[in-house]
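Numbering (the numbering used here), first residue to last: 47 to 389.
Don't be surprised by glycine CBs; every beta carbon is placed ideally from N, CA and C.
Since we're looking at a predicted model, the values are computed, not measured.
First up is the structure itself, then whatever we jot down about it.
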């Protein structure tokens with residue numbers, strides 16, 4: 047369902063995509079709930095009348111911030127899935143949105159053990175707790191297109207071979223497969239959404255650990271040049287509100303259970319074209335320099351990528367409603383008065 051436009055001056059709480067009748071009174075847990083996508087879901091769910099708890103480890107190298115939940119009225123539980131007692135937080139849940147993850151590709155190569163612990167081992171702990179405390183809860187798991195690796199064809203559909211290019215892709219694939227196995231073996235309704243590059247308000251912008259667009263936004267707003275590595279690679283990008291709408295629809299729609307779906311976004315654009323679009327969205331102010339990929343990143347670069355998400359659109363009726371120029375403008379307008387809070 048399309049997401050209504052949000053005035054540029056308003057804080058971006060993603061507009062509800064699902065029916066309030068479905069969500070009213072539902073007990074919902076959002077892991078990674080103080081992060082970029084997790085907090086977006088929290089704001090939307092609160093607006094739909096759900097009883098929501100955000101759980102987040104608040105790791106300093108992640109994208110979590112207490113400011114992300116400001117104005118939502120949602121309680122934040124600071125807990126790490128790797129070690130916390132999860133039973134009290136999952137008891138009697140109706141829906142789990144599982145957004146907690148380690149997303150840094152370079153970080154995963156530098157420390158694959160921590161990456162595996164967060165993205166796979168912690169998922170087993172959460173599965174076990176949920177099996178005991180909420181055996182019928184719907185789970186929507188945030189996954190990634192990363193483990194397809196360098197595409198053999200474009201656009202990439204769900205039948206594409208899996209070939210993770212880095213440790214993060216391996217660990218995320220393991221985590222997804224544990225959840226899908228839980229659905230097959232124990233009958234839990236589980237949906238996995240393999241996300242493309244996502245962006246929007248509350249994105250981590252102080253560096254490039256979450257996505258390259260974060261540091262681009264920071265440099266644009268600071269009046270400094272940003273770097274484009276390569277430039278010819280194609281990407282499709284999904285705006286926050288559209289991603290939140292997809293997660294809500296995935297939870298509501300029983301036909302999605304047991305499946306892994308690609309979730310794309312706007313039409314693909316080259317990184318150089320994206321850089322020009324970002325400058326245009328900033329009122330024409332800004333500049334960039336083109337660089338070769340750094341030596342430590344070149345081996346894990348996947349080249350051009352854009353997703354075929356026909357299956358998810360057919361199952362739910364979802365389609366992105368926010369164009370790339372509009373999404374970039376909204377993002378920059380949202381961060382402009384708040385940039386210091388996110389540095």
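Backbone secondary structure at residue 395 - three-state DSSP = The requested residue 395 is not part of the displayed model; the chain covers only 47 to 389.
Cα-Cα separation between residue 152 and residue 109, rounded to whole angstroms | Each residue's Cα considered, the two are about 15 angstroms apart.
May I ask which residues mark the beginning and end of the beta strand (DSSP E) holding residue 228?
-> Per DSSP, residue 228 belongs to no beta strand (DSSP E); it is in the alpha helix (DSSP H), 213–232.
Take the Cβ of residue 71 as the centre, count every other Cβ of all protein chains shown within 10 Å, and call the residue buried at 16 or more, exposed below.
-> Exposed, because fewer than 16 other Cβ atoms sit within 10 Å of the Cβ of residue 71.
Within the same chain, show all residues whose beta-carbon is closer than 7 angstroms to that of residue 339, passing over the 5 residues directly before and after it, in chain order.
-> Cβ neighbours of residue 339 beyond the five flanking positions: 275, 276, 347.
Just tell me which of 141, 201, 203, 195 has its CA closest to the CA of residue 179.
-> With distances taken between Cα atoms, residue 179 lies closest to 141.
For the alpha helix (DSSP H) that contains residue 175, what are its first and last residues?
-> Here the alpha helix (DSSP H) through residue 175 covers 168–179.
Where does the unbroken beta strand (DSSP E) through residue 275 begin, and where does it stop?
-> First-last of the beta strand (DSSP E) with residue 275: 272–275.
Rounded to a whole number of angstroms, what is the C-alpha to C-alpha distance between residue 370 and residue 244?
-> Going from the Cα of residue 370 to the Cα of residue 244 covers about 11 angstroms.
So what's residue 162 in DSSP terms, helix, strand or just coil?
-> Helix, per DSSP.
Sequence ranges, beta strand (DSSP E) only - wholly within the region 258–314, length at least 3 | You should have 272–275, 283–285, 305–309.
Take the Cβ of residue 208 as the centre, count every other Cβ of all protein chains shown within 10 Å, and call the residue buried at 16 or more, exposed below.
-> Counting C-beta atoms within 10 angstroms of its own C-beta, residue 208 has fewer than 16 neighbours from the protein chains shown and is therefore classed as exposed.
How is residue 54 classed by DSSP in three states: helix, strand or coil?
-> Residue confidence for residue 54 is low, a pLDDT of 34 falling below 50, so the modelled location carries little weight and cannot support an answer.
Report the partner residues of residue 46 according to the DSSP bridge assignment.
-> Because the chain spans 47 through 389 in this model, residue 46 falls outside it and cannot be assessed.
Taking the C-alpha atoms as reference points, what is the distance between residue 65 and residue 94?
-> The straight-line gap separating the alpha-carbon atoms of residue 65 and residue 94 is approximately 8 angstroms.
Taking the alpha-carbon positions, what's the residue 172 to residue 163 distance?
-> Approximately 12 angstroms between the Cα atoms of the pair.
Between the CA atoms of residue 205 and residue 211 - distance to the nearest angstrom | Cα to Cα, the separation comes out at about 17 angstroms.
Roughly how many angstroms lie between the CA atoms of residue 198 and residue 284, to the nearest whole one?
-> A straight-line Cα-Cα distance of about 22 angstroms links residue 198 and residue 284.
Hey, quick one: how far does the beta strand (DSSP E) through residue 115 stretch, first residue to last?
-> Unbroken run through residue 115: none, as it is neither H nor E.
Are residue 320 and residue 375 closer than 8 angstroms when you measure CB to CB?
-> No; because the gap between Cβ atoms is not below 8 angstroms, this pair is not in contact.
Within this structure, are the beta carbons of residue 398 and residue 100 separated by less than 8 angstroms?
-> There is simply no residue 398 to check, as the chain begins at 47 and stops at 389 in what is shown.
Along the beta strand (DSSP E) that carries residue 129, what are the first and last residues, could you check?
-> Membership of residue 129 in any beta strand (DSSP E) is not indicated, and neither H nor E is assigned to it by DSSP.
Could you please give the first and the last residue of the uninterrupted alpha helix (DSSP H) stretch that includes residue 356?
-> Note, residue 356: alpha helix (DSSP H), 356–362.
What are the start and end residues of the beta strand (DSSP E) that includes residue 124?
-> Residues 122–124.
Going straight from the alpha carbon of residue 86 to that of residue 289, what length do you get?
-> In a straight line, the C-alpha of residue 86 is about 9 angstroms away from that of residue 289.
Along the beta strand (DSSP E) that carries residue 350, what are the first and last residues, could you check?
-> Counting along the chain, residue 350 sits inside no beta strand (DSSP E), nor does DSSP assign it H or E at all.
DSSP three-state call for residue 334: helix, strand or coil?
-> Assignment of residue 334 by DSSP, reduced to helix, strand and coil, places it in the strand class.
Who pairs with residue 146 in a beta bridge, going by DSSP?
-> BP columns for residue 146 are empty, so no partner.
For residue 317, name the three-state secondary structure that DSSP assigns.
-> When secondary structure is reduced to three states using DSSP, residue 317 falls in the helix class.
Contacting residues, own chain, Cβ-Cβ under 6 angstroms from residue 114 (five flanking each side not counted) | Setting aside the 5 residues that flank it on each side, residue 114 is surrounded in the same chain by 80, 85, 248, each with a C-beta closer than 6 angstroms to its C-beta; the list follows chain order.
Hey, quick one: how far does the alpha helix (DSSP H) through residue 379 stretch, first residue to last?
-> Counting along the chain, the alpha helix (DSSP H) containing residue 379 begins and ends at 370–381.
Apart from the five residues on each side of it in sequence, which residues of its chain come closer than 7 angstroms, Cβ to Cβ, to residue 312?
-> In chain order, 282, 283, 366, 369, 370 place their CB closer than 7 angstroms to the CB of residue 312, counting only its own chain and leaving out the 5 sequence neighbours on each side.
Inter-residue spacing [alpha-carbon to alpha-carbon] between residue 184 and residue 119 = Their backbone Cα atoms lie some 23 angstroms apart in a straight line.
Taking only the alpha-carbon atoms, compute the straight-line gap between residue 47 and residue 324 and give it to the nearest angstrom.
-> Reliability fails at residue 47, whose pLDDT of 35 lies under 50, so the model's placement of it is uncertain and no value is given.
How far does the beta strand (DSSP E) with residue 87 in it reach, from first residue to last?
-> Premise fails: residue 87 lies in the alpha helix (DSSP H), 82–93, not in any beta strand (DSSP E).
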